[in-house]
Amino acid sequence: MHRLEKNILHHANKRREQRQIKNKLTNDDTRDIAIRCVDKLIKLNLLDKRLLDLNYSWEAQDTIHDILNKSLDIN
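If you count the sequence shown from 1, position 67 lands on 50 in our numbering, and the numbers rise without skipping.
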């Protein structure tokens, strides 16, 4: 098999895997991921705990959720 053929097969398989992952993820799944991201940002002190009182963490969570859904084409 030529190098070009291997490269094409590799990328085709990668796209297929991405579609399979996308088809398995739901809006609720990406919401859970967004929640875990915000929790991790707080633990790493990248998001100030005081912002929790002001509900800014919800805004961060919603932003992450929107980006995930848009990137994975999940409605």
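Built from N, CA and C at the ideal position, the CB exists for glycine as well.
Residue range of the alpha helix (DSSP H) that includes I16: N10 to K26
Outcome for Q1 when other beta-carbon atoms lying within 10 angstroms are tallied against a minimum of 16: Label assigned to Q1: exposed.
Beta-carbon proximity check, A17 vs L55, cutoff 8 Å: Taking 8 Å as the Cβ cut-off, A17 and L55 do not qualify as a contacting pair.
Can you grab the Cα-Cα spacing for the pair C20 / A43, in whole Å? 9 Å
Return the Cβ separation of I47 and N10 in integer angstroms, given the expectation that the two are a contact with Cβ distance under 8 Å. Their Cβ separation, rounded to whole angstroms, is 13 Å, which puts I47 and N10 out of contact at 8 Å.
Simplified DSSP assignment, three categories, for D31: Coil at D31, not helix or strand.
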